[in-house]
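Using my numbering, you'd call the opening residue of the sequence shown number 89 and step up by one each time. Following: one structure in structure tokens, then a few remarks.
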Amino acid sequence: VVQPTKDAIKYIIANAESYRDSNDNPPIVFIPGAISIECYPVKMMIKKLLERGACVDEIGFFGVPGIVWSIILGDIEGVNTFLEQGARLDIEDEMGNCHVSAWASATYHAVEKNSAYAGRLSQIWQQLSILNRQNKPNNLGFSPLNYFDKHIDQNREDRKNRFNFP
Numbered sequence: 089v090v091q092p093t094k095d096a097i098k099y100i101i102a103n104a105e106s107y108r109d110s111n112d113n114p115p116i117v118f119i120p121g122a123i124s125i126e127c128y129p130v131k132m133m134i135k136k137l138l139e140r141g142a143c144v145d146e147i148g149f150f151g152v153p154g155i156v157w158s159i160i161l162g163d164i165e166g167v168n169t170f171l172e173q174g175a176r177l178d179i180e181d182e183m184g185n186c187h188v189s190a191w192a193s194a195t196y197h198a199v200e201k202n203s204a205y206a207g208r209l210s211q212i213w214q215q216l217s218i219l220n221r222q223n224k225p226n227n228l229g230f231s232p233l234n235y236f237d238k239h240i241d242q243n244r245e246d247r248k249n250r251f252n253f254p
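If you want it as structure tokens, here you go:
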């Protein structure tokens with residue numbers, strides 16, 4: 089988590105349309121990673137960025153929109169804010185993921201031993217999976233549902249039943 093100063097945040101928000109970080113990310117992409125700046129909740133920063141001309145679907149590093157960083161951090165409120173603001177969920181990223189739910193399932197797999205973190209990702213996954221009925225594979229041949237198992241091809245039926253996936 090990157091924690092810019094409050095003055096930096098004010099500057100970034102005021103220049104939402106043109107500001108880019110050192111990786112050429114627009115603020116709507118990197119701000120969701122700053123989830124613990126006192127007096128600057130992500131929900132508020134996302135809304136302010138959009139009021140100042142940022143595009144909710146703008147792409148950054150790895151070819152992903154900002155909602156992906158809220159997903160990766162398990163930030164339920166951030167994800168909900170992006171959804172409320174009409175964020176697209178089907179922008180194909182550099183990995184060939186055709187839906188942001190792939191990031192929820194892949195991150196869940198990576199943090200499954202941390203029950204609180206995994207629990208938040210499970211909630212996010214359930215919310216996003218309702219909106220992703222295609223379950224298309226990425227460039228590695230893995231669909232969002234595949235990432236839930238350490239053994240990719242095992243327990244497919246169990247996964248389908250557990251998450252109500254067709």
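Don't be surprised by glycine CBs; every beta carbon is placed ideally from N, CA and C.
Can you tell me which of the three DSSP states residue i falls into?
| i | result |
| --- | --- |
| Ile101 | helix |
| Pro153 | strand |
| Ile179 | coil |
| Ile147 | strand |
| Asp112 | coil |
| Asp95 | helix |
| Gly166 | helix |
| His197 | helix |
| Asn220 | coil |
| Ser124 | coil |
| Tyr107 | coil |
| Gly207 | helix |
| Pro232 | helix |
| Leu171 | helix |
| Val188 | coil |
| Leu137 | helix |
Apart from the five residues just before and just after residue i, which ones in its own chain have a Cβ nearer than 6 Å to its Cβ?
| i | result |
| --- | --- |
| Ile116 | Leu137, Ala142, Glu146, Gly154 |
| Gly151 | Asp181, Glu182 |
| Asn185 | Asn226 |
| Thr169 | Lys131, Ile134 |
| Ile97 | Tyr128 |
| Ile100 | Tyr107, Pro115 |
| Trp157 | Pro120, Gly121 |
Within the same chain, show all residues whose beta-carbon is closer than 7 Å to that of residue i, passing over the 5 residues directly before and after it, in chain order.
| i | result |
| --- | --- |
| Ala206 | Tyr196, Val199, Glu200 |
| Ile164 | Arg208, Gln211, Ile212 |
| Leu216 | Leu177, Val188, Ser189, Ala192 |
Whose C-alpha, out of the options, is nearest the C-alpha of residue i?
| i | options | result |
| --- | --- | --- |
| Pro120 | Arg108, Ser110, Val167 | Val167 |
| Gln91 | Ala175, Phe149, Pro129 | Pro129 |
| Asn220 | Leu228, Gly229, Leu233 | Leu233 |
| Ile125 | Phe230, Ile159, Lys224, Thr93 | Thr93 |
| Ile218 | Ser203, Asp109, Leu171 | Leu171 |
| Ser203 | Ser106, Ala122, Gly162 | Gly162 |
Since I believe residue j is in contact with residue i (beta carbons under 8 Å), could you give me their beta-carbon distance rounded to a whole number of angstroms?
| i | j | result |
| --- | --- | --- |
| Phe149 | Asn111 | 5 Å |
| Tyr235 | Ala175 | Not a contact, Cβ separation roughly 21 Å. |
Going along the chain, which residues of its own chain have a beta-carbon closer than 8 Å to the beta-carbon of residue i, five neighbours each way excluded?
| i | result |
| --- | --- |
| Lys224 | Cys186, His187, Ser231 |
| Gln222 | Cys186, His187 |
query = Is the segment 189-201 close to the segment 126-141, with three or more CB pairs under 8 Å?
reply = no
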